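Chemist: Residues in the sequence shown are numbered from 51 upward in steps of one, following our numbering. Note that CB positions come from ideal geometry on N, CA and C, so glycine has one too. None of these values were measured; they are calculated from a predicted model.
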Amino acid sequence: MRNRNKLNRWRGALAALAMSASGIVTPVFSAPVGWEEAGKPWLSQSTPHFTIHYEKGHQEVAERALDIAEQVHRDLRPFFSSLPSNKTEIVLVDDFDFSNGWATPLPFAQIRLYMSPPEEGSDLAFSDEWLHMLIRHEYVHIAHMELATGAPSALQKVFGRQGFLFPHALTPSMLIEGLAVYLEGNPTDTKTDRGYGRLQSTNYAMKMRMEVASGDLKPLNQVVVADREWPLGYQYLYGAYFVQYLAQTYGEEKVSEFLDNYSSRLIPYFLLNRTARQTFGKDFNALWQDFTRELESSLADELQQANIDYAGGELLDESEPLPYLQVMATSQDGLLVNRNTGEDRPEVVRWQPQSLSWQTLSASKNITSLDSHPNSGIAATRQISRADGRVFNDIYLYQEGRWQAITERERFKKIIWFPDGKYLLAMRKVSGVSELWQIDATNPKARTLLWQAGKGEILGSFDISNDGQQVVVAMQRKQQGWNLEQLDITTKQWLPITNTRAHESSPSYLPDGRIIFSADYDGVFDVYALNVGRGEIERWTREIGGALKPIWQPELGLVYQSYGSQGYDVKTMDKPIVLATFPVSQHNGQYDYPDVVQQAADKTQPEPYQAWNTVRPHNWLPLIYVDDVRTQLGAFTFGADALGRNNYTLSALWDVENDVGDFTAIYQYDNRWLAILNSSHSYTKLSLGEQSGYRITRDDYFVLQRNHILNGFEDQLSLHTGAYIDRESLVSQPSFASVYPYRDLNESLVGLAVTFDNRENYLNVPGVGWGHYLDVVAETNEVISSDYEGQKYQAQWNGTWDLPGRTTLTARLAGGYADEDAQRFGIGGTDLAEERRLFGRDSQGIRGYDDNAQRGERYFTQRLSLTTWLARVERNWSLYPIGLGDISGTAFVDSGAAWDSGESLEQLTGAGVELTLEAKLGYGLRFPVTMGYAYGFDDELGKDQFYFRVSSLF
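1) For a test of the three-state rule: what should DSSP assign to P281, helix, strand or coil?
2) First and last residue of the beta strand (DSSP E) that includes H770?
3) Start and end of the alpha helix (DSSP H) containing D125?
4) Can you tell me the Cβ-Cβ gap for S511 and S481, rounded? I've got them flagged as a contact below 8 Å.
5) With a CB to CB cut of under 6 Å and the five nearest residues on each side skipped, what residues in its chain are close to F752?
6) Could you tell me the alpha carbon to alpha carbon distance between I456 and Y360, rounded to whole angstroms?
7) By how many angstroms is the C-alpha of V646 removed from the C-alpha of T242?
8) Taking D944 as part of the beta strand (DSSP E), name the residues at either end of that continuous run.
9) Just to confirm, are H731 and L888 a CB contact at a threshold of 9 Å?
10) Of the residues D470, K106, P98 and K621, which one's Cα is nearest the Cα of E87?
11) By the 10 Å Cβ neighbour count, where 16 or more other Cβ atoms means buried, how is D825 classified, buried or exposed?
12) On the DSSP letters alone, give me the boundaries of the beta strand (DSSP E) that V23 sits inside.
13) Taking 9 Å as the cut-off, decide whether the C-beta atoms of S729 and L736 are in contact.
14) In chain order, what residues of the same chain have a beta carbon less than 6 Å from the beta carbon of R999, not counting five sequence neighbours either side?
15) Can you check DSSP and say which residues form a bridge with R589?
16) Pairs of beta-carbons, one from the region 939 to 947 and one from the region 915 to 931, closer than 8 Å: are there three or more?
17) For L965 and V305, what's the separation of their Cα atoms in angstroms?
18) Tell me the DSSP secondary structure of I674 in three-state form.
19) Using the DSSP secondary-structure output, state which residues sit across from S737 in a beta bridge.
20) For D470, collect the residues of the same chain with a Cβ closer than 8 Å to its Cβ; drop the 5 residues on either side in sequence, then sort them by chain order.
21) Distance, Cα to Cα, V582 vs F632?
22) Are three or more beta carbon pairs between the region 349 to 367 and the region 388 to 399 nearer than 8 Å?
23) For the beta strand (DSSP E) that G982 lies in, which residues bound it at each end?
24) Give the secondary structure of V273 by DSSP, where H, G and I count as helix, E and B as strand, and everything else as coil.
25) Quick check on the DSSP output: what are the complete beta strand (DSSP E) runs of length 3 or more inside the region 655 to 709, in order along the chain?
26) Would you kindly report the start and end of the unbroken alpha helix (DSSP H) that includes A255?
27) Looking at R809: is its Cβ nearer than 9 Å to the Cβ of N761?
28) Consult DSSP for E485 and reduce its assignment to one of helix, strand or coil.
29) Distance, Cα to Cα, I445 vs L958?
30) Tell me the DSSP secondary structure of M224 in three-state form.
31) Please return the same chain residues whose Cβ sits closer than 6 Å to the Cβ of G986, not counting the five positions on each side in sequence.
32) Helix, strand or coil, according to DSSP, for Y571 in the structure here?
33) Quick one: residues in its chain with C-beta nearer than 6 Å to the C-beta of W338, no 5 flanking neighbours on either side, listed in chain order?
34) What residue from R584, D709, D881 and P672 has the CA that sits closest to V700's CA?
35) Alpha carbon to alpha carbon, how far is Y300 from S568?
36) Looking at the structure shown, is V441 part of a helix, part of a strand, or coil, going by DSSP?
Printed below as a string of C-alpha cells:
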C-alpha cells in the first residue's frame, strides 16, 4: 500500500490519543474486570446514590459495601459543599491478591474495589474495616473531582463529561491523594484514642520522620510530579500531611472553601496559585515553605532524642539502601533474600558468612514469600499476571537448580515449611476471606483446611513452632487492631497472646521457643522478644525510623530491615541486648471500633448486569480541521461500561468543501477483541501546465483481532488471530489527471500469530529491563477478496539483557517472506512503531535511510541497542503542567536488506544515538520524547538524519 497514506489510516486514532494527552478526554480504554467464569454471572444492586456490580457469590460483601458507601456519603456532607447527584458506579472484584482500588469521574463516576484486605505492616492496614477505609478514600476522590460550578458546570451540560470540565481532576495528584488520605480516616479522638487511616498510622509517622531526618524535605515542584524517587508514593505522604497542615492552620472550612473556589476555574493548571492566594492569603509556594518549616520544627526534638537513644544493628553489607522491603528467610546454609534493587534483575541470593558476600542461586520474579528446609529445599510463592486480567499467587519449589510450580491459580501467597519437610503451611485470601491450609508438597492436591476467617477477621504473617504443633500469627479480629495469637494445629483452638492497641507484626519463633516480632508500643516500630509462658516481653532495638520483618539466622543472630531516609537496610545483631523488659499486660487495651454503618441502606433486588446502562455515550466534543484543501467539521465521543469490558471511541468529520467524510471507530472487548475501522481521505496536488487541481483518494482501513485464544507457560505464550484490510480508491481528480497514472489497491489479509513475552520492567531502568519477545505470524490473501495473492510470513525476536547498574543491551532479529503476488515489504526510516504491530506489518525501520529505501518479497533485519539511564530530574516547572522525569541515552546499530526472489542481497547499515527526555505533562502523564541522529553507511541510499519521536503517550 502507498506509504504516504500510512498517517491517514491512523489520523482518527491519533487524534483521540492526542486529546487524551492534552487532558481533553481521559484515556480511551478502562481497566476490564477478569474474563467471565462459568457459573459466576455479574449482578447489580442499587441504593439512592450508588449502584454496585459484583459476581454471583459476593452478594453479602456487595450489600455491606452499599451500606458503607451510603454511610460515607452522609459522613462527607459537612466537608463538601455538594456531593454527586448521579449515582456512582461501584465494581467489586476478586481478581487480585493484593489490596487496592481506584476511582475516576470519567466517562462516569466509578469506583473499583479490590476485595483482598491488607495484611499487617502495610500502609493500608491501619483501619477499622478494609472496605470502609477503601470506600471512604475512593469516594472522596469522586466527591472531590466532581466539584464543578460556573462555566465548567454549564459546559458539562452541553458537552457532557469531558476531562477538561472537571477542574479538580487536572490538579496534582499530591492534592487529589492528599485530600483522600486526610479524609479516609478519622481525626484521633482524644477521648477514645481510636484514630485510624494512614495519617494516624505509625507507618506514615515513620516515613515523614525520616524525610525530616534526611535534612532535605522535598520541594513542591518535585512532589507534584512524584514518580520513582524514595519513598515510593510520596505524593500520598506529603499530600496528606500538607492538607492536614492547611486544616490545622487555617481550618477545614478554608480547605473546603479552596475546593469551592477552584471548582469554577475553566482553564486548567494555571489558576491554582491564584485560587490559593484568594483562599489562604498565600500561594502554594509560600504555603509549602510554611508547611516544611512547621514539619521540621515539630519533629526536631523527637529526632534529637531518637538519635541519642538509638540502639540498632549493624549493616549486613555495604550495598545501597533498597527501594523495597526484601523477602527474606532463614536457612541452614545462610540467610536467603529475594534481592530486588529496582535496577537489576531480581535474584534469590544466599549470604555466605565465610566470604561476607552473596551467592546467587536463581533469578526470580515477583516472589512474595520464601522459606527453606534442609531436606526439601526452597519453597516460594510468586505473583503471576494472567492473560485474563487476574493477578494471583502460586507455590513453587526450587530443587536441583530449577523452579517448579506445584499449584496453578490457587492464590497461596505465603508459605512456610513444617519441620518434617513434607508439608507446607500456606495462606490465601479468596473473596476477601483468609484461609490457612496444610499442603503435602509432594502431592499438592492432598491438603487440609486448618482455619477460615469469620467476618472482619484478617490473617497476616505467621510462623510454625519448632515442634510443628503451634502456629503464631498476626491477626486482626473484628473491630480491633493487630495482635498476636497462637493456633494449636491439633485442636484447631486459638490462644490470644497479646491484646493491645499496638500494631504487632511479623512474628517468628526463636530456637528457644520465644517469639520475636515488630511492634509500635511507643510509636516507632522496633523488635521485641516474647516469652509466652512467662507473659514477658523484651525490647531489642530502638531505631529512629523503624525495625521491620525480624527473623533469626543462626550465624548472624537477629536480622531485620530498618526504614531509613534513603531506603531499607538489612541489619543484624548477633547478640541482642535487652533494652527493657515489661509484662505483656502493660500494654493491654482494645480499640472496639464502632460499626461504621449506623443505618442500613434501602437496596434494590439483585438483577443481571446490563452493560448498556453505563456504556452509552456520556460526552461529545466538536472537531474542526481547516487547511488549504479542506474544511472539516465533526464530533468525537468515547465510552466504556462499568466492568471495563466494552470500550470505544468514535469520531466523524465531514469535509464541507469536497463533500467527503472521515470516520474512525475503535472498539475493544477486554483484552481479547480489538476492532479498528478508519476511513480517511488524501489530497494530492497535481499540475499540468497552467492547470492544477487535487486528486482525492479514500483509504479504508480495518483491523479485527482476537487475542489470547490459547495461553500457556504462565500465559506468556499466546495464540492470536486477526484480519487486516486496507483499501485505497479514487474519489475524484482533475480532468487532466490521466497523465498521472493511478490504480485502486486492496490488500486483505487473514492470519494467525503466536507470541511469547516474558519481558520485565524495573523501577530505575529505562524501557525493558530484561526478557524476550518473540512472534511468528502467517497471513494469507486468499480468504477475503484482495488485489494481492498468496501468503506472507514474518517473525521477530527481541532479547534484552540486564547489565550492571541501569543499563541494558537489546538485540533484535526480524525476517519476512511474501509470495510473488503478495504485497512487498519495505525497510528504512526512523519510525519503529510499525514493527510492534502483529497483523498487517509491512515495514521495518532502518535509521539513516528514507522510508522504504528498499522493497522486496523478503527481508531480514538486525538491530543492537545499548540503553543507559543518565539522570533523574523529577521536577516540575512551578505549578505549570510541564515537568521532566528521567533522562536516558541509547547507542544503536541497524542493519538489514529487502530483496525479491532471484535478486542479490544488498545490506543497508546505519548507526546513531538517541537522547530520550521523559516529559511530564499535566503532572502525571509520562511523555517520552526522543531526539536522535542516525548515519546511513550506504554511499547511494544512506544519509545523515536528525529526527524527533514521541515514544509513548503513557
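Modeler: Short version:
1) Counting from 1 along the sequence shown, the entry for residue 281 is found at position 231. Here P281 sits in coil by DSSP.
2) In the sequence shown, counting from the first residue as 1, residue 770 sits at position 720. Its beta strand (DSSP E) spans residues L767 to S782.
3) Here residue 125 corresponds to residue number 75 of the sequence shown, with the count starting at 1. Q109 to D125 is the extent of the alpha helix (DSSP H) around D125.
4) Numbered from 1 along the sequence shown, position 461 holds the residue referred to as residue 511. Numbered from 1 along the sequence shown, position 431 holds the residue referred to as residue 481. With a Cβ gap of about 21 Å, S511 and S481 do not count as contacting.
5) The residue you call residue 752 lines up with position 702 of the sequence shown. The answer, listed in chain order, is L727 and I775.
6) Your numbering for residue 456 matches position 406 in the sequence shown. Your numbering for residue 360 matches position 310 in the sequence shown. C-alpha separation (whole angstroms): 45 Å.
7) In the sequence shown, the residue the question calls residue 242 occupies position 192. In the sequence shown, the residue the question calls residue 646 occupies position 596. At T242 the pLDDT is 45, less than 50, meaning the model places this residue with poor confidence and gives no usable figure here.
8) In the sequence shown, counting from the first residue as 1, residue 944 sits at position 894. That run of the beta strand (DSSP E) goes I932 to W949.
9) By one-based count along the sequence shown, residue 731 stands at place 681. By one-based count along the sequence shown, residue 888 stands at place 838. The answer is no: Cβ separation not under 9 Å.
10) Along the sequence shown, one-based indexing puts residue 87 at 37. Ranking D470, K106, P98 and K621 by Cα distance to E87 puts K106 first.
11) If you number the sequence shown from 1, residue 825 lands on position 775. With 16 or more Cβ atoms within 10 Å of its Cβ, D825 is classed as buried.
12) No statement about residue 23 is possible, as the shown extent of the chain runs from 51 to 1004 and does not include it.
13) Position 679 of the sequence shown, counting from 1, holds the residue named residue 729. Position 686 of the sequence shown, counting from 1, holds the residue named residue 736. Contact: no.
14) The count along the sequence shown starts at 1 and reaches residue 999 at position 949. The residues are T980.
15) In the sequence shown, counting from the first residue as 1, residue 589 sits at position 539. Note: R589 sits in a beta bridge opposite Y578 and A630.
16) Yes, since at least three Cβ pairs between the region 939 to 947 and the region 915 to 931 fall closer than 8 Å, the two stretches touch.
17) One-based indexing of the sequence shown puts residue 965 at position 915. One-based indexing of the sequence shown puts residue 305 at position 255. Taking the straight line joining both Cα atoms gives about 42 Å.
18) Along the sequence shown, one-based indexing puts residue 674 at 624. Strand, per DSSP.
19) If you number the sequence shown from 1, residue 737 lands on position 687. BP columns for S737 point to S742.
20) As a working mapping, residue 470 is identified with position 420 in the sequence shown. Within the same chain, D470 has close Cβ partners G518.
21) On the sequence shown, position 532 is the one that residue 582 refers to. On the sequence shown, position 582 is the one that residue 632 refers to. Cα to Cα, the separation comes out at about 13 Å.
22) Segments in contact, no.
23) Stepping through the sequence shown from its first residue, residue 982 is reached at position 932. Note, G982: beta strand (DSSP E), L975 to G986.
24) Here residue 273 refers to the residue found at position 223 of the sequence shown. Helix.
25) 671 to 676, 681 to 690 and 696 to 705
26) Locating residue 255 in the sequence shown gives position 205, counting from the first residue. Counting along the chain, the alpha helix (DSSP H) containing A255 begins and ends at T252 to A263.
27) On the sequence shown, residue 809 is found 759 positions in, with the first residue counted as 1. On the sequence shown, residue 761 is found 711 positions in, with the first residue counted as 1. No. Outside cutoff.
28) Indexing the sequence shown from 1 puts residue 485 at position 435. Here E485 sits in strand by DSSP.
29) If you number the sequence shown from 1, residue 445 lands on position 395. If you number the sequence shown from 1, residue 958 lands on position 908. Those two C-alpha atoms are separated by around 49 Å.
30) The residue you call residue 224 lines up with position 174 of the sequence shown. Residue state, collapsed to three classes: helix.
31) Taking the sequence shown and counting its residues from 1, the one referred to as residue 986 is at position 936. Around G986: G898, Y899, G960, G992 and K993.
32) Translated into the one-based positions of the sequence shown, residue 571 becomes position 521. Note: Y571 maps to coil in three-state DSSP.
33) Residue numbering aside, residue 338 sits at position 288 when the sequence shown is read from its first letter. So the list reads L270, once near-sequence residues are dropped.
34) Locating residue 700 in the sequence shown gives position 650, where the first residue counts as 1. What sits at residue 700 in the sequence shown is Leu, not Val. The option with the nearest alpha carbon to L700 is P672.
35) Residue mapping note: residue 300 aligns to position 250 of the sequence shown, counting from 1. Residue mapping note: residue 568 aligns to position 518 of the sequence shown, counting from 1. Going from the Cα of Y300 to the Cα of S568 covers about 37 Å.
36) Position 391 of the sequence shown holds residue 441. Strand, per DSSP.
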